[in-house]
Amino acid sequence: MTLPSIENTGWRDRLKHMEIPISIKNDKFLLFCLNKIISGERINLSEGLKLYNTQSLPALCALANLIKKSRFSNNIFFNENLHVNTTNKCVLACRFCAFRKGPRHSDAYELSIEEFIHRIKPYSNTIDEIHSVGGLHPQWTVDHYSELYAKIKEVFPHIHVKSLTAVEIKHISSRSGISVLETLKILKNSGLNSIPGGGAEILVDSVRDRICRGKENTSEYLEIHGLAHSLGIPSNCTMLFGTVETVEERLIHLDKLRIQQDKSSGFQCFVPYPFLPDKTRLPEAQLATTCEIVRIIAVSRLMLDNIPHIKAYRMNIGDHVTSLCINSGADDIDGTVGHEEIMHEAGSKTRLDYDKKQLSKIIISSGQKPVKRNSIYSKFEEYTEINNKSIKIPISY
Ligand code: SF4
0 MTLPSIENTG
10 WRDRLKHMEI
20 PISIKNDKFL
30 LFCLNKIISG
40 ERINLSEGLK
50 LYNTQSLPAL
60 CALANLIKKS
70 RFSNNIFFNE
80 NLHVNTTNKC
90 VLACRFCAFR
100 KGPRHSDAYE
110 LSIEEFIHRI
120 KPYSNTIDEI
130 HSVGGLHPQW
140 TVDHYSELYA
150 KIKEVFPHIH
160 VKSLTAVEIK
170 HISSRSGISV
180 LETLKILKNS
190 GLNSIPGGGA
200 EILVDSVRDR
210 ICRGKENTSE
220 YLEIHGLAHS
230 LGIPSNCTML
240 FGTVETVEER
250 LIHLDKLRIQ
260 QDKSSGFQCF
270 VPYPFLPDKT
280 RLPEAQLATT
290 CEIVRIIAVS
300 RLMLDNIPHI
310 KAYRMNIGDH
320 VTSLCINSGA
330 DDIDGTVGHE
340 EIMHEAGSKT
350 RLDYDKKQLS
360 KIIISSGQKP
370 VKRNSIYSKF
380 EEYTEINNKS
390 IKIPISY
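When the letters of the sequence shown are read in order and numbered with numbering that gives the first Met the number 0, they come out as residues 0 to 396.
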């Protein structure tokens, strides 16, 4: 069962006939943007900036929520997944990263394939996705990852493998002496199903030079995702904001993603998340406030007309901000996750013991409908709470 709006069809027609909240009707510029979107025109960079800076945050959120509802009605998606990181050893040292360790560090680790499988086993009856990223291991080549994915598929054939950032793919291809395309083909044949999208940071090279020198540049990030899309490997795309970039650079980032999506159309979901600070990394960071996080979610929904899903990533922003975001344009809160290191090493306190019932509670309390999805948004199950019991009912569109 598929959602018609996932193919980007019909939502503008539905939008045309939806009731417009009074806060939008009373704001000429928001009304202008709404009419532009209805007529299929794109919000440009200067309009995006004006939207981002609007004084009326509730009206901005109402507009983004209206667009979200035209695509997905009251549905908010989640999935049941597990994060397993392959290694925290990394040959790079991005300034925002609290996860990586130098290969000789006493806390550095690398999971053997058996250890990786062992991590999945306790969750294998409840999850249908493994989300796995890691550092740039100094020795591992494509052989290690293809053996890993093949083993996951052998032991847990029902589990979708969502793995590797663009820079990991670039590193593996260079370590293996083969092209990125060849690397992706081998990994896909071994069991890689999709790519999570991490590592986009801000797609402006002068910013990347300050926060993650040595990582793939903007065009490499986009090209690697485009190559994956050309092979039928869908991906997400992300944005790490609140380091040293300007608001204009955040909007340029959105623009670059939608241009890439016009070419390769394999981005399923956009996942923006703010930098989580500590005392040692990036002391000059312009940390994002809660309202900035909400503004980013809302403006993303308005500018990214060709990327269907916008995720409120609760591992990073927590349950409270997530609740705001799913009324401000976001339609997805990610998964049960089970185990998470990257955000928690950076200071996240988001609980890791939530099951689908607790995720549903976040969604229901926001006045919306929890819908469990699979990793590629092609299967959906609705959950509702009756007598404190989470029950499964079929959903129809
Ligand atoms: S963000 Fe990724 S590439 Fe950069 S230091 Fe951390 S693990 Fe390494």
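Where is the CB? At the ideal position from N, CA and C, for every residue including glycine.
Since the structure is predicted, the reported quantities are computational estimates derived from the model, not experimental observations.
On a CA-only basis, which of Asp-26, Ile-223, Ile-66, Thr-125 is nearest Ile-309? Give me that one, please. Here residue 309 corresponds to residue number 310 of the sequence shown, with the count starting at 1. A check of alpha carbon separations from Ile-309 across Asp-26, Ile-223, Ile-66, Thr-125 identifies Ile-66 as the nearest.
Tell me the DSSP bridge mates of Arg-100? For the purposes of this step, residue 100 is taken as residue 101 along the sequence shown, with counting starting at 1. Per the sequence shown, the amino acid found at residue 100 is Lys instead of Arg. In the DSSP output, where bridge partners are listed per residue, Lys-100 has Lys-88.
Determine the extent of the alpha helix (DSSP H) in which Thr-182 is found, giving its start and end residues. By one-based count along the sequence shown, residue 182 stands at place 183. Start and end: 179 to 189.
What three-state label does DSSP hand Leu-281 in the structure shown? Within the sequence shown, the letter at position 282 stands for residue 281. In the three-state reduction of the DSSP assignment, Leu-281 falls in the coil class, being assigned neither a helical nor a strand state.
Helix, strand or coil, according to DSSP, for Leu-62 in the structure here? Within the sequence shown, numbered from 1, the residue matching residue 62 stands at position 63. Three-state result, Leu-62: helix.
Arg-405 beta carbon near the ligand SF4 (any heavy atom closer than 7 Å): What the structure shows of the chain is the stretch from 0 to 396, and residue 405 is not part of that stretch, so it cannot be assessed.
Which parts of the stretch 130 to 184 are runs of the beta strand (DSSP E), unbroken and 3 residues or longer, counting only runs that do not cross its ends? Correct list: 159 to 162.
Cα separation between Val-320 and Thr-289? Here residue 320 corresponds to residue number 321 of the sequence shown, with the count starting at 1. Here residue 289 corresponds to residue number 290 of the sequence shown, with the count starting at 1. Using only the alpha carbons, I get a separation of about 7 Å.
Starting from Asn-34, trace the alpha helix (DSSP H) in both directions and tell me its first and last residue. Position 35 of the sequence shown, counting from 1, holds the residue named residue 34. Note, Asn-34: alpha helix (DSSP H), 27 to 37.
Going by beta carbon distance, what residues of the same chain come within less than 7 Å of Tyr-108, once the five residues before and after it are set aside? The residue labelled residue 108 in the question sits at position 109 within the sequence shown. The residues are Thr-86, Asn-87.
Secondary structure of Tyr-51, DSSP reduced to three states: Taking the sequence shown and counting its residues from 1, the one referred to as residue 51 is at position 52. Tyr-51: helix per DSSP, three-state reduction.
Spatial neighbours of Lys-214 in its chain, beta-carbon cut-off 8 Å, leaving aside the 5 residues before and after: What you label residue 214 is simply residue 215 of the sequence shown in a count that begins at 1. Once the five neighbours on either side are set aside, the close Cβ partners of Lys-214 are Leu-91, Cys-93, Val-166, Gly-198, Glu-200, Arg-207.
List the endpoints of the continuous beta strand (DSSP E) containing Lys-371. What you label residue 371 is simply residue 372 of the sequence shown in a count that begins at 1. 368 to 372 is the span of the beta strand (DSSP E), which, as asked, contains Lys-371.
Could you say which of Ala-311, Ala-329, Gly-317 lies nearest to Leu-301 if we only look at CA atoms? Counting from one through the sequence shown, the residue named residue 301 turns up at place 302. Out of Ala-311, Ala-329, Gly-317, Ala-329 has the C-alpha closest to the C-alpha of Leu-301.
Complete alpha helix (DSSP H) runs within the stretch 320 to 372 (minimum length 4 residues, chain order): 341 to 344, 355 to 364
Reducing DSSP to helix, strand and coil, say where Gln-259 ends up. Here residue 259 is taken as the residue at index 260 of the sequence shown, counted from 1. The answer is helix: DSSP assigns Gln-259 an H, G or I state.
According to DSSP, simplified to helix, strand and coil, what is Tyr-312? Locating residue 312 in the sequence shown gives position 313, where the first residue counts as 1. Here Tyr-312 sits in coil by DSSP.
Cα-Cα, which of Ile-168, Glu-248, Leu-239, Gly-190 is closest to Ser-222? Within the sequence shown, residue 222 is the residue found at index 223, counting from 1. Residue identity check: residue 222 is Glu in the sequence provided, not Ser. Glu-222 has its Cα closest to that of Ile-168, out of Ile-168, Glu-248, Leu-239, Gly-190.
If you run the structure through DSSP and keep just helix, strand and coil, what is Ile-292? The residue given as residue 292 occupies position 293 in the sequence shown. Ile-292 falls in the helix class under three-state DSSP.
Assigned exposure category for Val-154 - 16 Cβ within 10 Å defines buried: Here residue 154 refers to the residue found at position 155 when the sequence shown is read from its first residue. Per the 10 Å Cβ criterion, exposed.
Burial state of Arg-70, where buried means 16 or more other Cβ atoms lie within 10 Å: The sequence position of residue 70 within the sequence shown is 71, counting from 1. By the Cβ-count criterion, Arg-70 is buried, with 16 or more other Cβ atoms from all chains shown falling within 10 Å of its own Cβ.
By DSSP, does Thr-217 sit in helix, in strand, or in coil? As a first step, residue 217 must be located in the sequence shown, where it is residue number 218. Thr-217 falls in the helix class under three-state DSSP.
Between the C-alpha atoms of Arg-257 and Leu-303, what's the straight-line distance to the nearest angstrom? What you label residue 257 is simply residue 258 of the sequence shown in a count that begins at 1. What you label residue 303 is simply residue 304 of the sequence shown in a count that begins at 1. C-alpha separation (whole angstroms): 6 Å.
Thinking C-beta only, is Ile-126 closer than 8 Å to Val-370? The residue you call residue 370 lines up with position 371 of the sequence shown. The residue you call residue 126 lines up with position 127 of the sequence shown. Taking 8 Å as the Cβ cut-off, Val-370 and Ile-126 do not qualify as a contacting pair.
At what residues does the alpha helix (DSSP H) containing Ser-234 begin and finish? Position 235 of the sequence shown, counting from 1, holds the residue named residue 234. Not the alpha helix (DSSP H): Ser-234 falls in the beta strand (DSSP E), residues 234 to 240.
From Leu-180 to Glu-79, what does the alpha carbon distance come to, in whole angstroms? Taking the first residue of the sequence shown as position 1, residue 180 is located at position 181. Taking the first residue of the sequence shown as position 1, residue 79 is located at position 80. For Leu-180 and Glu-79, the distance between alpha carbons rounds to 30 Å.
Please state the DSSP three-state secondary structure of His-82. Looking up residue 82 in the sequence shown gives position 83. It is a strand residue.
Taking the beta carbon of Ser-4 as the centre, do at least 16 other beta carbons fall within 10 Å, making it buried, or is it exposed? As a working note, residue 4 is residue 5 in the sequence shown. Confidence at Ser-4 is low in this model, with a pLDDT of 43, below 50, so its placement is unreliable and no value can be given for it.
What residue from Leu-202, Ile-194, Ser-193, His-143 has the CA that sits closest to Ser-175's CA? Your numbering for residue 175 matches position 176 in the sequence shown. Comparing alpha-carbon positions, the option among Leu-202, Ile-194, Ser-193, His-143 lying closest to Ser-175 turns out to be His-143.
C-beta atoms of Lys-368 and Glu-380 nearer than 8 Å: Counting from 1 along the sequence shown, the entry for residue 368 is found at position 369. Counting from 1 along the sequence shown, the entry for residue 380 is found at position 381. Cβ atoms of Lys-368 and Glu-380: not closer than 8 Å.
Return the residue from the list Asn-43, Ile-158, Ser-172 that minimises the CA-CA distance to Thr-164. Counting from 1 along the sequence shown, the entry for residue 164 is found at position 165. Looking at the Cα atoms, Ser-172 is the closest of the given residues.
Please confirm whether Ser-404 and Val-293 have their CB atoms less than 8 Å apart. Residue 404 lies beyond the residue range present for the chain, which begins at 0 and ends at 396; the question has no answer from this structure.
Measure the CB-CB distance between Leu-29 and Ile-23 and report whether it falls below 8 Å. In the sequence shown, the residue the question calls residue 29 occupies position 30. In the sequence shown, the residue the question calls residue 23 occupies position 24. Contact: yes.
Can you give me the Cβ contacts of Arg-372 inside the same chain, cut-off strictly under 6 Å, excluding the 5 residues immediately before and after it? Taking the first residue of the sequence shown as 1, we reach residue 372 at position 373. Hits under 6 Å: Phe-76, Asn-78, Phe-379.
Length of the line joining the Cα atoms of Leu-81 and Val-336: Counting from one through the sequence shown, the residue named residue 81 turns up at place 82. Counting from one through the sequence shown, the residue named residue 336 turns up at place 337. Approximately 4 Å between the Cα atoms of the pair.
Please state the DSSP three-state secondary structure of Ile-75. Translated into positions along the sequence shown, residue 75 becomes position 76. Correct three-state label for Ile-75: strand.
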